[in-house]
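*Asks:* A single structure is presented below for examination.
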Amino acid sequence: MHFDNLYAHDFARIALASPECRVADPLFNGERHAELLREAAARGAAVAAFPELGLSGYTCDDLFHQRALLDGCEAALAALLKASETLPTVAVVGLPLRFEQRLFNCAVLLQRGRLLGVQPKSYLPNYGEFYEARQFSAADEALGDEMDLLGQRVPFGSRLIFAASDLPLLRLHAEICEDVWTPIPPSTYAALAGASLLLNLSASNALVGKAAYRRQLVAQQSARCLAAYAYSSAGQGESSTDLAWDGHALLCENGELLAESERYAAGSQLITADIDLERLARERMRQTSFGDSVRQHAAQLKGFRTVSFSLGLALDAPLPLARRVERFPYVPADRARRDERCQEVYNIQVQALVQRLASSGIKKLVVGISGGLDSTHALLVAARAMDKLGWPRSNILAYTMPGFATGERTRDQAWRLMRAVGCQAAEIDIRPSCLQMLKDLDHPYARGEPVYDVTFENVQAGERTNHLFRLANHQGALVLGTGDLSELALGWCTYGVGDHMSHYNVNASVPKTLIQYLVRWVAETRQLGQAVDHGVLLDILGTEISPELVPASAAAQGQVLQSTEATIGPYELQDFNLFYTLRHGYAPAKIAFLARHAWGDREQGAWPDEAHVARNEYSLAEIKRVLGIFVRRFFQGSQFKRSCVPNAPKVGSGGSLSPRGDWRAPSDSQAAVWQADLARIPD
11 MHFDNLYAHD
21 FARIALASPE
31 CRVADPLFNG
41 ERHAELLREA
51 AARGAAVAAF
61 PELGLSGYTC
71 DDLFHQRALL
81 DGCEAALAAL
91 LKASETLPTV
101 AVVGLPLRFE
111 QRLFNCAVLL
121 QRGRLLGVQP
131 KSYLPNYGEF
141 YEARQFSAAD
151 EALGDEMDLL
161 GQRVPFGSRL
171 IFAASDLPLL
181 RLHAEICEDV
191 WTPIPPSTYA
201 ALAGASLLLN
211 LSASNALVGK
221 AAYRRQLVAQ
231 QSARCLAAYA
241 YSSAGQGESS
251 TDLAWDGHAL
261 LCENGELLAE
271 SERYAAGSQL
281 ITADIDLERL
291 ARERMRQTSF
301 GDSVRQHAAQ
311 LKGFRTVSFS
321 LGLALDAPLP
331 LARRVERFPY
341 VPADRARRDE
351 RCQEVYNIQV
361 QALVQRLASS
371 GIKKLVVGIS
381 GGLDSTHALL
391 VAARAMDKLG
401 WPRSNILAYT
411 MPGFATGERT
421 RDQAWRLMRA
431 VGCQAAEIDI
441 RPSCLQMLKD
451 LDHPYARGEP
461 VYDVTFENVQ
471 AGERTNHLFR
481 LANHQGALVL
491 GTGDLSELAL
501 GWCTYGVGDH
511 MSHYNVNASV
521 PKTLIQYLVR
531 WVAETRQLGQ
541 AVDHGVLLDI
551 LGTEISPELV
561 PASAAAQGQV
571 LQSTEATIGP
581 YELQDFNLFY
591 TLRHGYAPAK
601 IAFLARHAWG
611 DREQGAWPDE
621 AHVARNEYSL
631 AEIKRVLGIF
641 VRRFFQGSQF
651 KRSCVPNAPK
661 VGSGGSLSPR
671 GDWRAPSDSQ
681 AAVWQADLAR
691 IPD
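Have a look at this one:
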């Protein structure tokens with residue numbers, strides 16, 4: 011398989027067609043179907059869904075009992091079957107079919123000249139403007155489970171699942187219009203029986219407010235079933251005797267709208283979108299309640315039959331992904347959604363800290379302030395918590411603790427921030443105690459040698475935390491942790507008595523990229539109060555991310571400052587890697603495929619609409635390099651730190667790394683299988 015082919019990474023392209031229609035003209039309608047089927051195949055679609063009764067037209071009423079129309083529909087189906095002989099795309103078409111001397115409203119699945127199966131409509135609306143029971147029989151009225159159609163013996167029934175042998179995660183089921191409007195749609199049972207793509211062939215006339223409800227209905231059915239739900243609908247050409255038609259087509263994946271047609275479009279219309287089959291399979295494995303539902307409904311599910319087919323798609327050539335992939339999965343690009351996300355995360359952090367303070371009976375917090383992002387945000391949360399409790403912000407005891415490499419900029423920012431917040435502020439120079447520790451260790455630096463190893467760095471980190479804990483003892487306070495999710499994932503923290511430890515950590519499930527936007531949101535919305543100068547927050551956002559543990563004179567490659575991202579890779583890429591590893595469990599090759607789609611071209615895709623955003627782009631080679639750092643640090647070497655982290659609130663579905671919550675893993679695991687998959691990525 012070609013690395014740049016979406017099918018190599020368990021995606022599938024789905025097409026939704028709304029052909030121009032002539033009522034009771036199957037020949038014309040069949041030709042329009044064939045045109046759109048060929049277009050869908052040219053776009054690389056695995057499946058193309060057409061409207062309900064599309065070969066006849068939905069609005070034929072009593073014409074459905076005319077033999078000429080029914081014969082014409084079968085002839086149109088035969089022509090479409092002939093046209094499909096060289097096409098890999100599975101067509102799902104609607105037409106009336108005679109079976110057992112009754113008439114059924116059917117979805118027929120066909121591909122490469124083969125009729126795969128016939129799925130009749132289960133629920134016939136017979137209210138309001140609908141009179142389907144006048145012409146059709148419901149699915150469960152059929153006695154047989156096979157029918158002869160166009161010289162082929164074909165499976166018949168509503169409990170059929172169509173499985174692609176060469177794309178195992180693609181399993182199809184079709185229902186028709188009203189079926190999804192019922193309390194328990196047939197697709198619900200199909201999903202429990204293993205169907206990952208649920209198709210709905212619909213007519214669905216236009217009414218005021220109906221489109222919005224239809225969106226909700228389709229999105230919710232896809233979410234409840236942990237499936238992709240493709241909804242096609244009749245458009246131009248259906249009779250306007252009493253109704254109007256808008257050709258509304260929708261494709262949702264686990265509650266998320268991927269594609270939507272233009273309503274009231276002139277002529278035929280075809281839309282496509284790429285569904286992530288692995289995501290759906292992963293969610294079904296993860297959500298144990300889905301498996302419980304399978305067990306509870308086992309009797310009904312045993313009646314499902316599986317029909318196998320082979321797509322035979324060309325997988326040795328590139329087929330790029332046509333799907334929006336957020337560059338910042340933790341940070342929405344849309345400003346309104348981003349502000350809503352920031353407010354929600356901030357409120358979660360504040361509420362959790364309020365509860366911890368109230369339940370502990372302790373009214374004071376101790377926090378170390380470096381003048382960098384993480385401690386800044388922790389202090390902002392602490393200030394809001396004090397406001398909410400009705401306690402003075404002076405109950406926050408904030409300390410800046412310069413070491414051997416602390417810069418004047420960050421020291422100044424720490425002081426400006428503490429003053430702006432209105433907490434108690436103090437400075438403790440940790441260099442004397444660090445130097446004493448280095449002397450006790452007989453470290454070369456204590457003898458005047460410029461040795462800046464990990465011991466040199468960790469002595470400083472440890473001394474800061476040691477001071478904070480003893481200050482908390484002395485003042486009757488809790489130590490507020492500041493380290494974030496990204497650092498925890500990469501093991502970028504000093505274990506034990508270091509920035510790894512605290513009494514409570516409000517940032518532990520917030521990634522670095524989101525913290526940057528949270529701090530900016532606090533500044534822009536003036537959460538500290540209208541009279542406060544929030545400019546210090548913007549200055550902090552403009553500061554290079556650095557632990558400031560190695561003096562500038564020793565910085566590598568002439569850098570003025572020790573750079574975190576120069577060592578562990580850009581946080582914007584590492585947060586991308588973390589999200590798809592933690593939330594979806596993807597292997598490195600798929601993460602790299604998605605990362606190149608998101609980050610390979612700065613001119614493509616949505617960006618946060620902010621002037622400060624550096625619009626970076628990365629080659630596949632750089633993506634692979636940074637992902638290699640992530641794989642090594644995340645899967646082998648850092649878990650022991652995550653196995654004993656302090657209490658902290660989970661803020662989002664992107665997950666946390668608490669051993670009491672989302673993530674349990676052995677501390678001595680190996681990264682070999684992830685590194686082997688990493689090797690699949692082209693250099």
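One point on numbering: in the numbering used here, the residue at position 561 of the sequence shown is 571, and numbering is uninterrupted. In this text, a Cβ means the ideal position worked out from N, Cα and C, and glycines have one as well.
#1: State the Cα-Cα distance for the pair Thr420 and Leu630, rounded to the nearest angstrom.
#2: With distances taken between CB atoms, is the gap from Leu331 to Leu538 smaller than 8 Å?
#3: Rounded to whole angstroms, what is the Cα-Cα separation between Ala393 and Pro402?
#4: Which residues bound the alpha helix (DSSP H) around Ile691?
#5: Quick check on Asn483: buried or exposed, where buried means 16 or more other Cβ atoms within 10 Å of its Cβ?
#6: Tell me the DSSP secondary structure of His12 in three-state form.
#7: What residues match up with Pro454 in a beta bridge as DSSP calls it?
#8: Quick check for students: name the residue ranges of the beta strand (DSSP E) that lie wholly in the stretch 230-263, counting only runs of 3 or more.
#9: Tell me the start and end of each unbroken alpha helix (DSSP H) in the stretch 473-553 that is at least 4 residues and wholly inside, in chain order.
#10: Among Cys235, Leu321, Leu153 and Glu188, whose alpha-carbon lies nearest the alpha-carbon of Arg23?
#11: Rounded C-beta distance between Ala408 and Val377? I'm assuming under 8 Å.
#12: Would Glu185 be called buried (16 or more neighbouring beta carbons within 10 Å of its own) or exposed?
#13: Check whether the Cβ atoms of Trp255 and Leu227 sit closer than 8 Å, and answer yes or no.
#14: Provide the residue span of the alpha helix (DSSP H) that contains Cys352, from first to last.
#15: Measuring straight from C-alpha to C-alpha, what distance separates Val520 and Pro442?
#16: Relative to the C-alpha of Thr251, which candidate in Asn515, His510 and Val33 has its C-alpha closest?
#17: Where does the unbroken beta strand (DSSP E) through Pro598 begin, and where does it stop?
#18: With a CB to CB cut of under 7 Å and the five nearest residues on each side skipped, what residues in its chain are close to Ser243?
#19: What does a CB cutoff of less than 6 Å around Ala93 pick up in its chain, not counting 5 residues either side in sequence?
#20: At the level of alpha carbons, what is the spacing between Gln567 and Glu554?
#21: With respect to the alpha helix (DSSP H) encompassing Leu290, which residues constitute its N-terminal and C-terminal limits?
#22: Ordered along the chain, which non-local residues of its own chain (more than five positions away) have a Cβ less than 7 Å from that of Leu63?
#23: Take the Cβ of Asn136 as the centre, count every other Cβ of all protein chains shown within 10 Å, and call the residue buried at 16 or more, exposed below.
#24: Given this structure, state the Cα-to-Cα distance separating Phe146 from Arg112, to the nearest angstrom.
#25: Counting Cβ pairs, one atom from each stretch, are 3 or more of them under 8 Å apart for the stretch 510-528 and the stretch 649-666?
#26: When we look at the beta-carbon of Ser677 and count the other beta-carbons within 10 Å, is it buried (16 or more) or exposed?
#27: Do you know offhand how far Gln614's Cα is from Arg625's?
#28: Could you tell me if Ile274 is buried or exposed, where buried requires 16 or more neighbouring beta carbons within 10 angstroms of its beta carbon?
#29: Apart from the five residues just before and just after Leu325, which ones in its own chain have a Cβ nearer than 8 Å to its Cβ?
#30: Compute the beta-carbon to beta-carbon distance between Leu592 and Gly665, rounded to the nearest angstrom, for a pair I have assumed lies under 8 Å.
#31: Pick out whichever of Gly595, Tyr596, Leu559 and Pro618 has its Cα sitting closest to the Cα of Glu582.
#32: Between the Cα of Glu188 and those of Val218, Ala148, Asp176 and Leu153, spot the shortest distance and give me the residue it belongs to.
#33: List the DSSP bridge partners of Pro165.
#34: Exposed or buried, what is Pro460 when buried is set at 16 or more other beta-carbons lying within 10 Å of its beta-carbon?
#35: So, with DSSP's three-state summary, where would you put Ala435?
#36: Fully enclosed by the stretch 178-217, which beta strand (DSSP E) runs are 3 residues long or longer?
*Replies:* Straight from the coordinates:
#1: 35 Å
#2: Cβ distance not < 8 Å, so Leu331 and Leu538 don't count as in contact.
#3: 9 Å
#4: Here Ile691 belongs to no alpha helix (DSSP H), and DSSP marks it neither H nor E.
#5: exposed
#6: Note: His12 maps to coil in three-state DSSP.
#7: Per DSSP, Pro454 has no beta bridge partner at all.
#8: 238-242 and 260-263
#9: 495-500, 522-534 and 545-551
#10: Out of Cys235, Leu321, Leu153 and Glu188, Leu321 has the C-alpha closest to the C-alpha of Arg23.
#11: 5 Å
#12: buried
#13: no
#14: Arg345 to Ser370
#15: 34 Å
#16: Val33
#17: Taken as a continuous stretch (DSSP letters only), Pro598 belongs to no beta strand (DSSP E), being part of the alpha helix (DSSP H) at Pro598 to Trp609.
#18: Ser28, Pro61, Ser212, Ala213, Ser214, Gly257, His258 and Ala259
#19: Ala44
#20: For Gln567, the predicted structure reports a pLDDT of 44, less than 50, and the residue's modelled location is therefore unreliable. The matter cannot be settled from this model.
#21: Where Leu290 is concerned, the enclosing alpha helix (DSSP H) stretches over Leu287 to Arg296.
#22: Gly104, Leu105, Pro106, Asn115 and Ala213
#23: exposed
#24: 7 Å
#25: yes
#26: exposed
#27: 11 Å
#28: For clarity, residue 274 is Tyr in the given sequence; the question names Ile instead. Exposed is the label assigned to Tyr274, since fewer than 16 other Cβ atoms lie within 10 Å of its Cβ.
#29: Cβ-Cβ distances below 8 Å link Leu325 to Met11, His12, Asn15, Tyr17 and Ala18 in the same chain, with the five nearest sequence neighbours on each side left out; the list follows chain order.
#30: The C-beta separation of Leu592 from Gly665 comes to about 4 Å, placing the pair in contact by the 8 Å criterion.
#31: Pro618
#32: Ala148
#33: Partner(s): Glu156.
#34: exposed
#35: Look at Ala435 here: in three-state DSSP terms it is strand.
#36: Taken in chain order, the unbroken stretches of beta strand (DSSP E) that lie wholly in the stretch 178-217 and span 3 residues or more are 181-186 and 207-211.
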